[in-house]
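Here the protein sequences come in this chain order: R and H. Numbered continuously in our numbering, the first sequence closes out at residue 239. Numbered continuously in our numbering, the second sequence closes out at residue 478. We put the CB at the ideal spot given by N, CA and C, even for glycine.
There are 2 protein chains.
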Amino acid sequence: MVQDVQALVFDVFGTVVDWRQGVAREAAPFLARHGAAGANPAGFADSWRRRYSPAMEEVRSGRRPFTRLDVLHRENLEQILPGYGIDPARVPQAELDELNLAWHRLDPWPDSVAGLARLKARYIIAPLSNGNIRLMLDMAKRAGLPWDAILGAEVAQAYKPTPEAYLRTAEVLALRPGQVMLVAAHNGDLAAARRCGLRTAFIPRPTEHGPGQTTDLAPEQDWDVVARDMEDLASALGT
Amino acid sequence: MVQDVQALVFDVFGTVVDWRQGVAREAAPFLARHGAAGANPAGFADSWRRRYSPAMEEVRSGRRPFTRLDVLHRENLEQILPGYGIDPARVPQAELDELNLAWHRLDPWPDSVAGLARLKARYIIAPLSNGNIRLMLDMAKRAGLPWDAILGAEVAQAYKPTPEAYLRTAEVLALRPGQVMLVAAHNGDLAAARRCGLRTAFIPRPTEHGPGQTTDLAPEQDWDVVARDMEDLASALGT
Numbered sequence: 001m002v003q004d005v006q007a008l009v010f011d012v013f014g015t016v017v018d019w020r021q022g023v024a025r026e027a028a029p030f031l032a033r034h035g036a037a038g039a040n041p042a043g044f045a046d047s048w049r050r051r052y053s054p055a056m057e058e059v060r061s062g063r064r065p066f067t068r069l070d071v072l073h074r075e076n077l078e079q080i081l082p083g084y085g086i087d088p089a090r091v092p093q094a095e096l097d098e099l100n101l102a103w104h105r106l107d108p109w110p111d112s113v114a115g116l117a118r119l120k121a122r123y124i125i126a127p128l129s130n131g132n133i134r135l136m137l138d139m140a141k142r143a144g145l146p147w148d149a150i151l152g153a154e155v156a157q158a159y160k161p162t163p164e165a166y167l168r169t170a171e172v173l174a175l176r177p178g179q180v181m182l183v184a185a186h187n188g189d190l191a192a193a194r195r196c197g198l199r200t201a202f203i204p205r206p207t208e209h210g211p212g213q214t215t216d217l218a219p220e221q222d223w224d225v226v227a228r229d230m231e232d233l234a235s236a237l238g239t
Numbered sequence: 240m241v242q243d244v245q246a247l248v249f250d251v252f253g254t255v256v257d258w259r260q261g262v263a264r265e266a267a268p269f270l271a272r273h274g275a276a277g278a279n280p281a282g283f284a285d286s287w288r289r290r291y292s293p294a295m296e297e298v299r300s301g302r303r304p305f306t307r308l309d310v311l312h313r314e315n316l317e318q319i320l321p322g323y324g325i326d327p328a329r330v331p332q333a334e335l336d337e338l339n340l341a342w343h344r345l346d347p348w349p350d351s352v353a354g355l356a357r358l359k360a361r362y363i364i365a366p367l368s369n370g371n372i373r374l375m376l377d378m379a380k381r382a383g384l385p386w387d388a389i390l391g392a393e394v395a396q397a398y399k400p401t402p403e404a405y406l407r408t409a410e411v412l413a414l415r416p417g418q419v420m421l422v423a424a425h426n427g428d429l430a431a432a433r434r435c436g437l438r439t440a441f442i443p444r445p446t447e448h449g450p451g452q453t454t455d456l457a458p459e460q461d462w463d464v465v466a467r468d469m470e471d472l473a474s475a476l477g478t
């Protein structure tokens with residue numbers, strides 16, 4: 001029962017923060033400096049993000065030991081630059097490191113901080129993101145996300161949607177899976193959490209992938225809660 | 240140099256919170272209910288705490304896989320009860336579980352919350368405690384400790400003063416050890432951190448062990464900072 005829920009854990013990229021516009025904002029001056037001023041920064045963000053899941057798949061499959069997302073993002077960055085006419089070997093390493101931190105400086109959706117503050121009054125709230133601890137920490141500190149703790153892939157040593165990512169998070173919280181609810185804008189993440197026994201809340205983020213988004217616009221299962229945004233979720237959960 | 244420090248990590252039991260009075264407060268009604276009304280609750284807290292380090296030593300030595308502190312505390316509780324004339328097998332399990340949560344409900348020293356809030360404005364702040372994540376989370380949520388993240392033994396999967404506890408914490412923060420400062424009321428903890436390359440700050444807590452305390456009343460090495468309390472530390476670090 002939803003009444004048993006003691007902790008809310010959150011997908012972050014797309015659900016709590018707008019990664020596409022944030023990465024585009026940081027990439028634009030970099031592209032301009034390196035002769036790619038005509039490139040679309042939002043498209044650059046999309047290209048970078050497209051390598052996200054395949055990179056994690058190396059870890060999920062066991063072909064690679066757990067490697068934190070900052071490292072995968074950095075490798076993925078070097079892989080996409082040639083497509084923009086930029087040779088990563090000719091860019092100072094410190095400049096690539098700095099651009100990689102774009103993921104640490106994403107802005108929350110307008111309702112995220114206020115909704116989380118309301119939810120925190122009644123529930124334990126924590127990210128259950130594939131982003132590593134330092135990434136989530138920097139993001140929270142900059143944006144004022146009021147997490148009670150930073151959980152997720154690095155604490156679990158497993159990437160979503162691997163079951164261990166959800167189950168070890170519940171175990172760290174000393175809760176049964178049914179006492180933990182995943183909040184996400186992605187039906188696939190919720191489906192994986194439900195298979196592990198977690199409760200589920202869906203919030204659509206219809207512009208996560210830009211104005212022409214076609215995915216995750218509506219719930220694909222009867223999730224325990226469906227809310228318009230984080231403030232609406234807080235209302236639905238009585239906070 | 241202290242100027243390089245980006246993160247402050249804190250010993251918690253004794254340094255940030257007063258475990259002895261907190262455990263005594265919670266133990267008193269339990270002892271009264273079970274026929275030990277004449278027992279000294281602070282002495283009960285001392286007895287419980289005395290089993291803390293030996294229990295962790297099983298893990299440190301490799302004789303036992305990493306086991307979170309809540310489990311060790313629970314085992315230690317059952318071990319000390321007979322000394323108070325209480326047979327743990329005759330106490331409802333739920334009541335023992337509840338008393339075990341005394342460690343989640345400790346009060347901060349009077350300067351802790353204000354000092355941490357000041358330090359948080361300039362530094363990443365996080366516990367580096369042997370307490371597990373849920374324990375630290377509950378304590379912080381109840382007491383208003385404004386951590387940026389909850390690190391420590393469970394994240395590192397190693398108990399202080401094992402070097403891995405300090406080194407893995409720095410690694411999670413993506414910092415060199417010299418960019419991390421341990422704040423502690425215990426010279427031994429600081430000595431272990433220094434051997435790993437961390438910076439060190441000492442705050443005496445002269446009543447941690449009660450009015451007759453004889454240990455850790457003064458710095459035993461030239462720690463990078465010595466402060467009277469958390470507010471004084473904030474001033475010493477320019478926040």
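As a quick exercise: from the options, pick the residue whose alpha carbon is nearest that of residue i.
i	options	result
tryptophan 223 of chain R	R:Leu182, R:Pro206, R:Gly238 and R:Pro211	R:Leu182
tryptophan 109 of chain R	R:Asp148, R:Val16, R:Ser61 and R:Arg142	R:Val16
leucine 116 of chain R	R:Met1, R:Asp229 and R:Val2	R:Asp229
tyrosine 52 of chain R	R:Arg90, R:Asn76 and R:Gly14	R:Asn76
proline 2 of chain R	R:Thr200, R:Lys160, R:Ile133 and R:Leu81	The sequence given here places valine at residue 2 of chain R; proline does not occur at that position. With distances taken between Cα atoms, valine 2 of chain R lies closest to R:Thr200.
leucine 374 of chain H	H:Arg272, H:Arg307, H:Thr453 and H:Gln460	H:Arg307
arginine 313 of chain H	H:Ala341, H:Glu296 and H:Asp243	H:Ala341
proline 366 of chain H	R:Ala28, R:Phe66 and R:Asp148	R:Asp148
isoleucine 150 of chain R	H:Ile372, H:Pro400, H:Ala263 and H:Asn279	H:Ile372
aspartate 350 of chain H	H:Asp257, H:Asp243, H:Gly449 and H:Thr454	H:Asp257
threonine 446 of chain H	H:Arg272, H:Ala281, H:Ala404 and H:Thr408	H:Ala281
leucine 406 of chain H	H:Pro458, H:Leu437, H:Ala424 and H:Gly451	H:Leu437
leucine 270 of chain H	H:Leu311, H:Gly322 and H:Glu296	H:Gly322
alanine 397 of chain H	H:Arg302, H:Ala267 and H:Arg329	H:Arg302
With residue i as the anchor, note down where its alpha helix (DSSP H) starts and where it stops.
i	result
threonine 408 of chain H	402-411
proline 54 of chain R	52-60
leucine 316 of chain H	308-319
arginine 373 of chain H	372-382
alanine 156 of chain R	153-156
arginine 259 of chain H	258-272
lysine 120 of chain R	112-120
leucine 338 of chain H	332-339
arginine 433 of chain H	426-434
If we cut at 8 Å on Cβ distances, does residue i have a partner in chain R?
i	result
lysine 380 of chain H	yes
alanine 413 of chain H	yes
In whole angstroms, what is the alpha-carbon distance linking residue i and residue j?
i	j	result
serine 368 of chain H	valine 251 of chain H	6 Å
alanine 192 of chain R	phenylalanine 202 of chain R	13 Å
glycine 417 of chain H	isoleucine 325 of chain H	48 Å
glutamine 245 of chain H	tyrosine 362 of chain H	6 Å
glycine 370 of chain H	glycine 238 of chain R	32 Å
aspartate 346 of chain H	leucine 81 of chain R	52 Å
alanine 156 of chain R	arginine 344 of chain H	26 Å
glutamate 98 of chain R	phenylalanine 44 of chain R	16 Å
valine 59 of chain R	alanine 392 of chain H	24 Å
alanine 276 of chain H	glutamate 317 of chain H	18 Å
valine 262 of chain H	leucine 233 of chain R	37 Å
asparagine 426 of chain H	valine 464 of chain H	12 Å
proline 146 of chain R	lysine 120 of chain R	8 Å
lysine 141 of chain R	valine 113 of chain R	12 Å
aspartate 309 of chain H	aspartate 377 of chain H	12 Å
arginine 289 of chain H	phenylalanine 305 of chain H	20 Å
glutamine 452 of chain H	asparagine 339 of chain H	25 Å
asparagine 40 of chain R	proline 29 of chain R	11 Å
proline 450 of chain H	glutamate 334 of chain H	30 Å
Measure from the C-beta of residue i to each C-beta in chain H and report whether the shortest distance is under 8 Å.
i	result
alanine 102 of chain R	no
isoleucine 150 of chain R	yes
aspartate 97 of chain R	no
aspartate 155 of chain R	Here residue 155 of chain R is valine; the residue named in the question, aspartate, does not match the sequence. By this cut-off, valine 155 of chain R is an interface position.
aspartate 70 of chain R	yes
arginine 90 of chain R	no
State the start and end residues of the unbroken beta strand (DSSP E) segment that holds residue i.
i	result
phenylalanine 10 of chain R	7-10
leucine 367 of chain H	363-368
valine 419 of chain H	419-423
arginine 438 of chain H	438-441
Note down, in chain order, all residues in the segment 104-136 of chain R with a beta-carbon under 7 Å from any beta-carbon belonging to chain H.
Ile124, Ile133 and Arg134
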